[in-house]
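Counting with the numbering used here, you get residues 92 to 468 for the letters of the sequence shown.
For reference, the structure discussed in these notes is given below.
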Amino acid sequence: MARRSVRLVLALLGVLFAGTGLRAGDLEVHFLDVGHGDCCVIRTPQGKTILVDCGLSLMGWKVRRYLERQGIRRIELLVVTHPHPDHHGGARGVVDAFDVRELVEPGIPSSSRSFTNLIRRLGERKVRHTIARRGAVFTADDVVLEVLAPPDPLLTRGVRSPANANSLVIRLRSGEFRVLLAGDIEAETEAFLLRAEEDLRADILKIPHHGVSTSSTPAFLDAVRPRYAFIPCAFYAEPSRELHDRLHRRGITWFRADANGTVVFRLAGETLTVTAEHGRENSRLKVAPDWFKLLQQTRAVPKKAVGRIQQHVRTKVVALSQVLRQKAAGSWKEDLRRKAVKVGSTLRQKAGQIAERWREAVRSRLPRRTSSENTRA
92 MARRSVRLVL
102 ALLGVLFAGT
112 GLRAGDLEVH
122 FLDVGHGDCC
132 VIRTPQGKTI
142 LVDCGLSLMG
152 WKVRRYLERQ
162 GIRRIELLVV
172 THPHPDHHGG
182 ARGVVDAFDV
192 RELVEPGIPS
202 SSRSFTNLIR
212 RLGERKVRHT
222 IARRGAVFTA
232 DDVVLEVLAP
242 PDPLLTRGVR
252 SPANANSLVI
262 RLRSGEFRVL
272 LAGDIEAETE
282 AFLLRAEEDL
292 RADILKIPHH
302 GVSTSSTPAF
312 LDAVRPRYAF
322 IPCAFYAEPS
332 RELHDRLHRR
342 GITWFRADAN
352 GTVVFRLAGE
362 TLTVTAEHGR
372 ENSRLKVAPD
382 WFKLLQQTRA
392 VPKKAVGRIQ
402 QHVRTKVVAL
412 SQVLRQKAAG
422 SWKEDLRRKA
432 VKVGSTLRQK
442 AGQIAERWRE
452 AVRSRLPRRT
462 SSENTRA
């Protein structure tokens with residue numbers, strides 16, 4: 092009877108975890124592609140869920156759908172690293188759709204109406220609200236979340252953005268496995284961490300502030316020494332060239348949200364596996380939007396033609412990115428508008444030329460009708 096009960100329990104566990112994609116005993120860290128924003132889903136070996144940031148409000152539907160597809164109904168911890176909309180925007184929809192048990196945030200003064208509304212909504216739903224500063228510790232099963240920053244009192248001297256500088260920096264620990272989630276901190280906070288922490292090493296680093304050049308300083312990367320890095324960025328706001336060079340020189344394998352989509356790290360025992368939605372690691376530029384793949388699958392256009400279009404778009408994307416890097420120029424908005432109009436016109440013209448060539452090629456392969464056949468018709 093006892094053996095039968097054990098088999099029944101194991102069978103039920105198998106059914107439970109088969110529907111969610113999570114295997115019993117595995118720790119999973121999901122970095123979601125939410126464009127220019129952050130969202131990280133942590134699933135403990137026992138199936139508990141921690142959600143760190145939720146991206147922009149426009150991406151809230153994507154976060155909710157992803158959680159639903161993972162079979163998640165309850166969130167033990169909802170962490171908002173700082174009150175900027177690309178981190179808390181999608182949280183309102185998550186709070187309404189799921190059973191959130193506790194909110195953790197750094198308590199930074201904010202005039203953001205959307206963040207104020209989020210806090211009010213959490214209060215209405217009786218969700219526990221915790222202000223976390225350096226030294227706070229949260230646990231979910233055998234997974235430990237340590238808050239390394241911000242300090243108390245908050246950093247104010249010499250910071251460019253108080254909200255970014257005082258983002259929650261969280262280190263996830265499970266045995267010897269470590270993940271460092273660095274919010275939107277910049278060089279000033281990284282310097283504080285280097286002074287305050289003896290050991291910042293982590294297996295995975297969530298690159299701070301979407302990969303801007305003022306974050307991920309060489310000293311900080313040398314102290315963390317990650318094997319993998321994830322850059323949460325959108326194709327229209329690329330990471331800096333300096334960041335790519337720093338990662339490359341240190342042999343760090345990186346993934347980008349715009350080039351690789353959602354990336355999942357799974358720890359099973361001592362084995363760490365990485366699954367990217369698409370693309371290859373160490374990508375420097377996204378050049379293949381999904382509609383290229385759609386064209387190839389439908390076979391509406393020859394592969395060679397798709398390749399020519401793709402090459403043309405690659406050139407234009409590089410040109411646009413160079414324009415975006417020149418934001419400091421006085422007339423950058425007008426230059427960008429003109430460039431966008433020119434690119435759109437060129438793309439339409441190029442597509443029309445390719446389509447016309449394709450029609451001519453099809454006509455040339457059709458059998459020609461003789462004059463007698465025309466007379467009979």
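C-beta atoms are modelled at their ideal positions from N, C-alpha and C, and glycine is treated no differently.
- Where residue 295 is concerned, the enclosing beta strand (DSSP E) starts and stops at 295-297.
- If you draw a straight line from the Cα of residue 137 to the Cα of residue 179, it comes to about 26 Å.
- Excluding residues up to 5 positions away in sequence, 264 lie with their Cβ nearer than 6 Å to the Cβ of residue 235 in the same chain.
- Listed in chain order, the non-local C-beta contacts of residue 227 below 7 Å within the same chain comprise 238, local neighbours out to five positions each way being set aside.
- Contact check for residue 197 against residue 222 passes: the beta carbons are separated by less than 8 Å.
- The beta carbon of residue 155 is closer than 7 Å to those of 184, 185 and 188 in its chain, skipping five residues each way along the sequence.
- If you compare the alpha carbons of 181, 171, 173 and 132 with that of residue 160, the shortest gap goes to 132.
- DSSP places residue 305 outside any beta strand (DSSP E), giving it a letter other than H or E.
- By the criterion of at least three beta-carbon pairs nearer than 8 Å, the region 298-307 is not in contact with the region 117-125.
- Spanning the alpha carbons of residue 446 and residue 439 requires a straight line of approximately 10 Å.
- In the three-state DSSP reduction, residue 339 falls in the helix class (H, G or I).
- Contact between the region 328-344 and the region 352-359 is absent, with fewer than three C-beta pairs closer than 8 Å.
- The residue from 346, 306 and 304 with its alpha-carbon nearest to that of residue 322 is 346.
- Residue 241 sits away from residue 216, with the two beta carbons spaced by 8 Å or more.
- Out of 199, 134, 150 and 319, the CA that lies nearest to the CA of residue 244 is found in 199.
- With fewer than 16 other Cβ atoms from the protein chains shown falling within 10 Å of its own Cβ, residue 371 counts as exposed.
- When beta bridges are read from the DSSP output, residue 117 appears opposite 359.
- Judged by their CB atoms, residue 349 and residue 324 are nearer to each other than the 8 Å cut-off.
- Taken in chain order, the whole beta strand (DSSP E) runs of length 3 or more contained in the region 175-216 are 193-196.
- Per DSSP, the unbroken beta strand (DSSP E) holding residue 237 starts and ends at 234-240.
- In the three-state reduction of the DSSP assignment, residue 347 falls in the strand class, which pools E and B.
- Here DSSP, grouped into helix, strand and coil, assigns residue 223 to coil.
- Residue 278 sits away from residue 247, with the two beta carbons spaced by 8 Å or more.
- Residue 283: not part of any beta strand (DSSP E); member of the alpha helix (DSSP H) spanning 278-287, first to last residue.
- Exposure of residue 233 is indicated by the presence of fewer than 16 other C-beta atoms within 10 angstroms of its C-beta.
- The Cβ-Cβ distance between residue 294 and residue 318 falls below 8 Å.
- If you draw a straight line from the Cα of residue 261 to the Cα of residue 203, it comes to about 23 Å.
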